[in-house]
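Here is the structure we will look at, set down as structure tokens.
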Amino acid sequence: MKQFVSALSAGALALLLFVAPGESVFASEDIATKEQKQVLNIAHRGASGYAPENTMAAFEKAVDMKADMFELDVQMSKDGELVVIHDTTVDRTTDGTGSVKNLTLEELKSLDAGSWFGETFAGETIPTLGEVLDEYRGKTGILIELKSPSLYPGIEQKVADELKARKLDKPENEKIIVQSFDHESVRKFHDILPEVPAGVLLGYNPDGISDEQLERFQKYADYVNPSKSMIDASLVERIHDFDMKTHPWTVRDRESANFLLEVGADGIITDYPDYVYSHPQN
Ligand code: G3P
Ligand code: CA
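Sequence positions in the sequence shown follow my numbering and run 166 to 447.
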């Protein structure tokens with residue numbers, strides 16, 4: 166997977182040019198660590214700061230902005246089709262009303278999923294997971310969140326089937342990751358497709374994350390992805406000690422992006438991919 170070198174590359178190069186013979190290239194261990202660190206830039210619901218979330222426009226924008234991956238939320242229609250939408254109702258992000266699970270694919274596809282964000286996006290529709298995989302497989306990484314899977318019995322198998330149909334069940338370089346806040350669902354998915362990397366999502370908890378939890382997650386997950394409010398350097402190190410990686414969420418300001426780079430996150434889930442990058446985009 167395409168990855169990028171973090172913020173201090175240019176600075177370190179300048180240092181290299183001016184360093185005296187015999188001196189260390191890096192002024193401190195800290196700079197060396199940052200120079201070598203690679204971080205995945207993950208566009209949350211697509212580049213949702215710039216285009217309506219979970220639409221093809223947002224995914225296209227993420228690719229245009231050279232994000233390494235985009236994240237999406239998958240649920241199921243009344244007639245059992247996998248659809249890409251965050252809320253369990255269509256009310257906030259379309260011109261319709263009602264629960265996703267009570268609407269057929271045809272009904273969901275008839276809705277305008279773009280105008281709420283801006284008139285230039287009128288006509289965007291709710292994509293199916295298959296449409297997104299067909300369009301973007303091989304072009305970018307995709308982080309698939311099973312959203313509220315307890316509402317959709319069997320969704321883990323259906324997602325696995327969509328991946329297998331496209332030979333995406335043995336992804337190289339972590340191009341597909343499946344995650345959920347519902348850890349039982351993550352475990353089920355892992356049992357079905359153990360070769361696809363899986364992640365557990367965690368909301369803020371003042372008690373933090375215990376070693377016992379990390380030990381449990383390690384049995385079926387490769388990623389522990391907490392709210393950014395839970396993260397510090399020590400938690401990142403503990404997650405690494407358990408041989409897992411971390412992609413905290415959700416960055417909506419530059420300070421948070423810089424903080425997560427500092428503490429050594431492996432990926433950063435952001436509405437604004439340009440807040441994470443420091444290199445030129447063209
Ligand atoms: O991928 C992390 C993030 O998407 C989790 O929160 O509510 O945006 O799905 P949410
Ligand atoms: Ca999500």
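Virtual Cβ for every residue (Gly too), placed ideally from N, Cα, C. If you're wondering where the values come from, they're calculated on a predicted model, not measured in any experiment.
How long is the line joining the alpha carbons of residue 352 and residue 383, rounded to whole angstroms?
Here residue 352 is taken as the residue at index 187 of the sequence shown, counted from 1. Here residue 383 is taken as the residue at index 218 of the sequence shown, counted from 1. Taking the Cα positions, residue 352 is about 10 Å away from residue 383.
Simplified DSSP assignment, three categories, for residue 318:
Start at 1 with the first residue of the sequence shown, and residue 318 comes out as number 153. In the structure shown, residue 318 sits in coil (DSSP, three-state: anything other than H, G, I, E or B).
Assess contact between the stretch 203 to 215 and the stretch 433 to 442, defined as three or more Cβ pairs (one per stretch) separated by less than 8 Å. Is contact present?
yes
Closer than 7 Å: is that where the CB of residue 271 sits relative to any heavy atom of ligand 1?
Here residue 271 refers to the residue found at position 106 when the sequence shown is read from its first residue. Residue 271: no, Cβ never under 7 Å from ligand 1.
Suppose only complete runs of 4+ residues qualify. What are the alpha helix (DSSP H) ranges in the stretch 375 to 447, listed by chain order?
376 to 382, 398 to 406, 419 to 428 and 438 to 441
Cutoff 7 Å; reference residue 358; Cβ partners in own chain excluding five residues on either side
To locate residue 358, count along the sequence shown from 1; it is residue 193. Closer than 7 Å at the Cβ level, and outside the excluded window around residue 358, lie 325, 328 and 334.
Go through the stretch 213 to 274 residue by residue and report every complete run of the beta strand (DSSP E) that reaches 3 residues or more, in order.
234 to 241 and 247 to 249
Limits of the beta strand (DSSP E) - the one that residue 205 falls within:
The residue labelled residue 205 in the question sits at position 40 within the sequence shown. For residue 205, the enclosing beta strand (DSSP E) covers residues 203 to 208.
Close beta carbons around residue 348, own chain, < 6 Å, minus the five adjacent residues each side:
On the sequence shown, residue 348 is found 183 positions in, with the first residue counted as 1. Excluding sequence neighbours, residue 348 sits near 365.
Could you check where the alpha helix (DSSP H) with residue 300 kicks off and where it finishes?
Numbered from its first residue, the sequence shown carries residue 300 at position 135. Under the DSSP assignment, residue 300 falls in the alpha helix (DSSP H) whose first and last residues are 294 to 301.
Around ligand 2, Cβ to any heavy atom closer than 5 Å, ordered along the chain:
238 and 310
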